[in-house]
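Chemist: My questions all concern the structure below.
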Amino acid sequence: MNVKEFRMNLHTIPEIGKCEFKTKEYIKNELKKLACKIYEPTPTGLVAYFNAHKSKTICFRADMDGLRIMEKTNLSFSSTHPGYMHACGHDGHMAMLLEFAIWAAENISELKYNIVCLFQPSEEEHAGALDILSSGILDQLQVEEIYGIHIWPQLKNNQLFTMAGGLLASSSELNIEFLGKGVHAANRSKGIDALKIASSFLLECYQEFEKIEGKHLLSFGTMHSGTARNVVSDYAKLEATIRNFDDTVFLEMKEILYKLKRKYENETSIRIQITIDDLYKSVINDFSLISKYKDLLQLELLVSPFMQAEDFGCYTRKYKSMFMLLGSGDKHLLHTDTFDFDMDILATGVEAYKTIATN
């Protein structure tokens, strides 16, 4: 089989994070045909190790999970799992890495490094990269550098893009709960209006965050509060997303949130609980790797990063890393029920991996 056949087969069996059992079985069956050592660092994760007897080991990573989306592409190889779809290109990422693994096995003498092919579960949810890191497999295999590619709409078709430093944003889920005191509206002066206070808190957050100089994003998406029109709400909850590229900017954002928490608690007697889930770290590309491969891979350097997040960023906090975006043109957007791409671009990704492995 070739890279296109791998992609089509994997596209038919999308599975959500940490449930990629059929996907794992398919990949494992293909890897068993190759001269490599196979590891299973997590229940649905796979690692193939190609020992070229070199002093240095590098890793190539592909994500495995699909999305909870009902596919509407009408492709001949559409999802056979109703309600689930590979709508983020992960089927293509796995296909490229499988094709590269076959080439690595057949060309072991040409490799400049020992090669690790990492098939990582659960990129979309729960930051599965953290499970891989916790398993210790990358340290066990003495990995020094990690590379990855993501198919990316709205960029020139069949062109690789990247940039040094922050490429993709950290993504944190922010929940703010307001615990007030409910009373009948006629007696509202005796209550603590959680809905009113949450509304003021939201607006002041936007005002304060505008003062931050570093590139960032705050967006409140939901507010939940109240039981009846004539009752002062005793509870409100705000849900937001936070995006940034620099850890110091993230700390500044947290400081603003907790400063406002103290202010509103002191002024209104309300109790406020703030929860921040910051599993998804920003993707930070190593400057030396970008310099080394810019011309070799004919990379086009971006002038500004994207606000989207990717748990590949977790690896970049520990290893020298380079993440690339493979343009798929204007055809379809990620995470939509009609997402698709020209499969000819997959060969470009495979060739990039080969170039890195032999230089």
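Position in the sequence shown (first residue = 1) + 60 = our numbering. Backbone N, C-alpha and C define an ideal beta-carbon position, used for all residues, glycine too. Predicted model, so just to flag it, every value in this text is computed and none were measured.
Since residue 353 is in the alpha helix (DSSP H), which residue starts that stretch and which ends it?
Modeler: From DSSP, the alpha helix (DSSP H) with residue 353 extends over 347 to 353.
Chemist: So, are the CB atoms of residue 194 and residue 341 less than 8 Å apart?
Modeler: Cβ atoms of residue 194 and residue 341: not closer than 8 Å.
Chemist: State the Cα-Cα distance for the pair residue 68 and residue 135, rounded to the nearest angstrom.
Modeler: Approximately 10 Å, taken between the alpha carbons.
Chemist: Assign residue 361 to buried or exposed, taking buried as 16 or more other Cβ atoms, counted over all protein chains shown, within 10 Å of its Cβ.
Modeler: Under this definition residue 361 is an exposed residue.
Chemist: Determine which residues share a DSSP beta bridge with residue 210 and list them.
Modeler: 385.
Chemist: How big is the Cα-Cα spacing for residue 71 and residue 81?
Modeler: Rounded to the nearest angstrom, the two C-alpha atoms are 14 Å apart.
Chemist: By the three-class DSSP mapping on this structure, what secondary structure does residue 148 have?
Modeler: Reduced to three states, the DSSP call for residue 148 is coil.
Chemist: Are the CB atoms of residue 110 and residue 155 nearer to each other than 8 Å?
Modeler: Not closer than 8 Å, so no.
Chemist: Out of curiosity, what's the CA-to-CA distance linking residue 378 and residue 203?
Modeler: So the alpha carbons of these two residues sit roughly 10 Å apart.
Chemist: Do the stretch 205 to 214 and the stretch 294 to 304 touch if we need at least three Cβ pairs shorter than 8 Å?
Modeler: The answer is no - the stretch 294 to 304 does not touch the stretch 205 to 214, with fewer than three Cβ pairs under 8 Å.
Chemist: My assumption, with CB atoms under 8 Å, is that residue 197 sits in contact with residue 101. Please give the rounded CB distance.
Modeler: Yes, residue 197 and residue 101 are in contact; Cβ-Cβ is about 4 Å, under 8 Å.
Chemist: Taking 8 Å as the threshold, find out whether the stretch 249 to 268 comes into contact with the stretch 308 to 324 through three or more Cβ pairs.
Modeler: These segments touch.
Chemist: Given a threshold of 16 other Cβ atoms within 10 Å of its Cβ, counted over all protein chains shown, does residue 256 qualify as buried or as exposed?
Modeler: That one is buried.
Chemist: Have a look at 113, 216, 108 and flag the residue whose alpha-carbon is nearest the alpha-carbon of residue 177.
Modeler: For residue 177, the nearest C-alpha among the options comes from 108.
Chemist: Which of helix, strand or coil does DSSP assign to residue 255?
Modeler: Reduced to three states, the DSSP call for residue 255 is helix.
Chemist: In terms of residues, what are the limits of the beta strand (DSSP E) holding residue 297?
Modeler: That run of the beta strand (DSSP E) goes 295 to 304.
Chemist: Just verifying my parser: in three-state terms, what is the DSSP assignment at residue 189?
Modeler: DSSP places residue 189 in helix when its eight states are reduced to three.
Chemist: Which residue or residues does DSSP assign as beta-bridge partners of residue 283?
Modeler: In the DSSP output, where bridge partners are listed per residue, residue 283 has 298.
Chemist: Based on DSSP bridge pairs, tell me the residues matched to residue 179.
Modeler: Paired residues: 106, 122.
Chemist: Taking 8 Å as the threshold (C-beta atoms), are residue 160 and residue 120 in contact?
Modeler: In contact: residue 120 and residue 160 (Cβ atoms closer than 8 Å).
Chemist: For residue 235, which residues of its own chain have a beta-carbon under 6 Å away from its beta-carbon, when the five flanking residues on both sides are left out?
Modeler: Answer for residue 235: 299, 335, listed in chain order.
Chemist: Measure the CB-CB distance between residue 415 and residue 357 and report whether it falls below 8 Å.
Modeler: In this structure, residue 357 lies closer than 8 Å to residue 415 by Cβ.
Chemist: Please return the same chain residues whose Cβ sits closer than 8 Å to the Cβ of residue 406, not counting the five positions on each side in sequence.
Modeler: Correct list, in chain order: 63, 64, 67, 152, 155, 156, 159.
Chemist: Taking only runs of the alpha helix (DSSP H) that begin and end inside the stretch 301 to 330, which ones reach a length of at least 4 residues, in chain order?
Modeler: With a minimum length of 4 residues, the continuous alpha helix (DSSP H) runs that stay inside the stretch 301 to 330 are 307 to 328.
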